[in-house]
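Participant: The structure follows.
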């Protein structure tokens, strides 16, 4: 399946000749072996791999009208690479590359003729400026002329540019532009050129990568061969990653190209960086399994099978679920760059408000998050896909709520497996947060221990999720329809800290006070961010609950609401409503009994919580 956007690759497209010796290489002698001829070039190879992974790719390169050029163009067409923007030059010799491999498949010598690529002019880049600027990603290699790279970066206009240095010689060219690149992928020798630092030990690699970041690039992914990869970026994320070694290697020459293809593909698709690097490493393994530079069986399915077989799972806890998840590009970019993101549930839309009022609220709550400098991420399951952020059409689907189920943890796998539409509760939204790496979540009120829960054992899954999932949840306390005292006792038992935002009294949804205290009264959102940050650094698992009282002008009297709730409970009992249907029934009854005042209060407190969570997320982002 093709992605909606496209990737542009600008750089080398060659005719490759690979020779592999049957026996140990004897220098200055003729060696019996096997010769293969195929289309190649770093950028062209990256694009072919990406095409086989399901990406829409466009090539910008220069080549002659000779036999080599025609063969390269034919191979691009067969591989699904767009060539409309290739510069064809009559009378010129197309690029070629020769690689000699030993009997183990390791390269002994490579020789290239890339002279024609220097004729890929800045003028030709300007002619294709719109294509470049609108791409999901732009990939360049070090074979390009300096003025060409400069013009690419000029016209990119915010598009992320990824660079493969290709060699130590070409790395010197790339080094001049690191301050304008999103990511650079060197090997160890190229890293030394880019950083000016010897890079042999792990400590030296970390230092050298840090030096490259200091020169301006956002991220660096260092290819370490059999040792895997070292990744670091300006958000502070850094790690070594590797897959288990394979038994036999057919050809090592295409591994770097496949790695870059896998890395960019996964980033464009919205995977977090650990998953992206793991995907890239698996693509590299797929490449070396084939004697050809590009594995003709390269595919997303093959890569995921390799991950399944060779992954050190403890290092990549979410890789096995990433193929169920769609992350909106804006959110993926924000998470990559450590910008503040606030999660929002969808059950409040589908089961908490009528249409079309809920659609207006959905837009309003996302605006509230943005007003405080954060990115909103409304969660849902649509056609079995876990959605981190919703399109306008998906929001409307949730709001119309036609055949949209209420999905908590117990229902999650069923809705995904059967391709259903489902709105996420507090519990399932927290799960989505964990998958995507989102730390803050704003809701209306949490579930809890229901009245007479000691008899019915009716306890919301929200409480268990808070005990185990590392997400900070901002709410207006627990709904007054619940047993608030027992809810807080349950949270204490499960080790969940309950924080009051500027209050010592745990709020009761429509009411600012419940009569029950909190574990700690924070001064403001910055104080709460400090608590979250400290908890993370201490490695303490589980969530944090932030009670944020409803604004005073919209708050309702506690005793009055208790009377209303009692009436609503009688109605529920008479109607035989129980289980997960009890909360939406009671909220609807409360709305009717209060003449809509409770509904207005619900809207106002939810917006207030969204703004509070955004402030916390912003403060936490600045802290990190």
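Residue numbers (this note's numbering): 445 to 1068.
Even glycine gets a Cβ: it sits at the ideal position worked out from N, Cα and C.
Keep in mind that this is a model prediction, so the values were computed, not measured.
By DSSP, does residue 926 sit in helix, in strand, or in coil?
Facilitator: Reading the chain shown from its first residue, position 482 is the one you call residue 926. Residue 926 falls in the strand class under three-state DSSP.
Participant: Assess, as a yes-or-no matter, whether the segment 515-530 is touched by the segment 548-562 under the definition of 3 or more beta carbon pairs within less than 8 Å.
Facilitator: With the cut-off at 8 Å, the segment 548-562 and the segment 515-530 do not touch.
Participant: Taking the C-alpha atoms as reference points, what is the distance between residue 489 and residue 608?
Facilitator: As a position in the chain shown, residue 489 is number 45, starting the count at 1. As a position in the chain shown, residue 608 is number 164, starting the count at 1. In a straight line, the C-alpha of residue 489 is about 12 Å away from that of residue 608.
Participant: For a quick check, are the C-beta atoms of residue 661 and residue 634 less than 8 Å apart?
Facilitator: Translated into the one-based positions of the chain shown, residue 661 becomes position 217. Translated into the one-based positions of the chain shown, residue 634 becomes position 190. It is not a contact, given that the beta carbons lie outside the stated cut-off.
Participant: I think residue 656 touches residue 622, with their Cβ atoms under 8 Å apart; what is that distance to the nearest whole Å?
Facilitator: Against the chain shown, residue 656 aligns to sequence position 212. Against the chain shown, residue 622 aligns to sequence position 178. That pair is a contact at about 6 Å.
Participant: Nearest by alpha-carbon distance to residue 1061: which of 870, 970 and 777 is it?
Facilitator: Counted from its first residue, the chain shown places residue 1061 at position 617. Considering only alpha carbons, the answer is 970.
Participant: Can you list the alpha helix (DSSP H) stretches of 4 or more residues lying completely in the segment 648-688, in chain order?
Facilitator: Counting whole runs of 4 or more residues, the segment 648-688 contains no alpha helix (DSSP H) stretch at all.
Participant: In angstroms with no decimal places, state the Cα-to-Cα distance between residue 958 and residue 1035.
Facilitator: Locating residue 958 in the chain shown gives position 514, counting from the first residue. Locating residue 1035 in the chain shown gives position 591, counting from the first residue. Rounded to whole angstroms, residue 958 to residue 1035 spans 20 Å at the Cα level.
Participant: Would the segment 561-570 and the segment 589-599 be scored as touching if the rule is three or more Cβ pairs under 8 Å?
Facilitator: Contact between the segment 561-570 and the segment 589-599 is present, because at least three Cβ pairs lie under 8 Å.
Participant: Note down the Cα distance separating residue 1004 from residue 888, rounded to an integer number of angstroms.
Facilitator: As a first step, residue 1004 is located in the chain shown; it is residue number 560 there, counting from the start. As a first step, residue 888 is located in the chain shown; it is residue number 444 there, counting from the start. Cα to Cα, residue 1004 sits roughly 20 Å from residue 888.
Participant: Along the chain, where does the alpha helix (DSSP H) that runs through residue 794 open and close?
Facilitator: By one-based count along the chain shown, residue 794 stands at place 350. Unbroken alpha helix (DSSP H) run through residue 794: 791-794.
Participant: By Cβ distance below 6 Å, which residues in the same chain neighbour residue 746 in space, the five residues on each side in sequence not counted?
Facilitator: Sequence index remark: in the chain shown, residue 746 carries index 302 (1-based). For residue 746, where only same-chain residues beyond five positions count, the Cβ hits under 6 Å are 730.
Participant: Can you list, in chain order, the residues of its chain whose CB lies under 6 Å from that of residue 938, leaving out five sequence neighbours each side?
Facilitator: Your numbering for residue 938 matches position 494 in the chain shown. Contacts found: 911.
Participant: Taking 8 Å as the cut-off, decide whether the C-beta atoms of residue 669 and residue 703 are in contact.
Facilitator: By 1-based counting over the chain shown, the position of residue 669 is 225. By 1-based counting over the chain shown, the position of residue 703 is 259. The answer is no: Cβ separation not under 8 Å.
Participant: Using beta-carbon positions only, say whether residue 564 and residue 519 come within less than 8 Å of one another.
Facilitator: As a first step, residue 564 is located in the chain shown; it is residue number 120 there, counting from the start. As a first step, residue 519 is located in the chain shown; it is residue number 75 there, counting from the start. Contact: no.
Participant: State the start and end residues of the unbroken alpha helix (DSSP H) segment that holds residue 1008.
Facilitator: By one-based count along the chain shown, residue 1008 stands at place 564. Looking at the DSSP string, the run of the alpha helix (DSSP H) that includes residue 1008 is 1002-1019.
Participant: Is the segment 537-545 in contact with the segment 498-515, if contact means three or more CB pairs nearer than 8 Å?
Facilitator: The answer is yes - the segment 498-515 touches the segment 537-545, with three or more Cβ pairs under 8 Å.
Participant: With C-beta atoms as the reference, is residue 915 less than 8 Å away from residue 987?
Facilitator: Position 471 of the chain shown, counted from the start, is the residue given in the question as residue 915. Position 543 of the chain shown, counted from the start, is the residue given in the question as residue 987. Cβ atoms of residue 915 and residue 987: closer than 8 Å.
Participant: Quick check: what's the CA-CA separation for residue 974 versus residue 590?
Facilitator: Looking up residue 974 in the chain shown gives position 530. Looking up residue 590 in the chain shown gives position 146. For residue 974 and residue 590, the distance between alpha carbons rounds to 45 Å.
Participant: Using the Cα positions of residue 475 and residue 543, report the straight-line distance between them to the nearest angstrom.
Facilitator: On the chain shown, position 31 is the one that residue 475 refers to. On the chain shown, position 99 is the one that residue 543 refers to. If you take the alpha carbons of residue 475 and residue 543, they lie about 14 Å apart.
Participant: So what does DSSP say about residue 481, is it helix, strand or coil?
Facilitator: Sequence index remark: in the chain shown, residue 481 carries index 37 (1-based). Correct three-state label for residue 481: strand.
Participant: Identify the continuous alpha helix (DSSP H) that holds residue 980 and give its terminal residues.
Facilitator: Counted from its first residue, the chain shown places residue 980 at position 536. 969-981 is the span of the alpha helix (DSSP H), which, as asked, contains residue 980.
Participant: With H, G and I counted as helix, E and B as strand and the rest as coil, what does DSSP make of residue 707?
Facilitator: Counted from its first residue, the chain shown places residue 707 at position 263. Helix, per DSSP.
Participant: Return the CA-CA distance between residue 1043 and residue 573, expressed in angstroms with no decimal places.
Facilitator: Working through the chain shown from its first residue, we reach residue 1043 at position 599. Working through the chain shown from its first residue, we reach residue 573 at position 129. Answer to the nearest angstrom: the Cα atoms are 51 Å apart.
Participant: In the DSSP output, which residue or residues are listed as bridge partners for residue 557?
Facilitator: As a first step, residue 557 is located in the chain shown; it is residue number 113 there, counting from the start. Residue 557 is bridged to 540.
Participant: If we ignore side chains and look at the alpha-carbon of each, how far apart do residue 897 and residue 809 end up?
Facilitator: Numbered from 1 along the chain shown, position 453 holds the residue referred to as residue 897. Numbered from 1 along the chain shown, position 365 holds the residue referred to as residue 809. Each residue's alpha carbon lies about 32 Å from the other.
Participant: Grouping DSSP H, G and I as helix and E and B as strand, with all else coil, what is residue 534?
Facilitator: Position 90 of the chain shown, counted from the first residue, corresponds to residue 534. DSSP places residue 534 in coil when its eight states are reduced to three.
Participant: Would you kindly report the start and end of the unbroken beta strand (DSSP E) that includes residue 465?
Facilitator: On the chain shown, residue 465 is found 21 positions in, with the first residue counted as 1. Start and end: 458-465.
Participant: So the beta strand (DSSP E) residue 513 belongs to, where does it begin and stop?
Facilitator: Position 69 of the chain shown holds residue 513. Segment 511-523 is the alpha helix (DSSP H) holding residue 513; no beta strand (DSSP E) there.
Participant: For the pair the segment 879-887 and the segment 845-852, tell me if three or more CB-CB distances fall below 8 Å.
Facilitator: At 8 Å Cβ cutoff, the stretches do not touch.
Participant: If we require 4 or more residues per run, which alpha helix (DSSP H) segments fall completely within the segment 560-604?
Facilitator: With a minimum length of 4 residues, the continuous alpha helix (DSSP H) runs that stay inside the segment 560-604 are 566-571, 573-577 and 590-600.
Participant: Could you give the residue range of the beta strand (DSSP E) that holds residue 502?
Facilitator: Working through the chain shown from its first residue, we reach residue 502 at position 58. Segment 501-504, the beta strand (DSSP E) holding residue 502.
Participant: Applying the criterion that 16 or more other CB atoms from any shown protein chain within 10 Å of the CB defines a buried residue, is residue 967 buried or exposed?
Facilitator: Within the chain shown, the letter at position 523 stands for residue 967. So residue 967 ends up on the exposed side.
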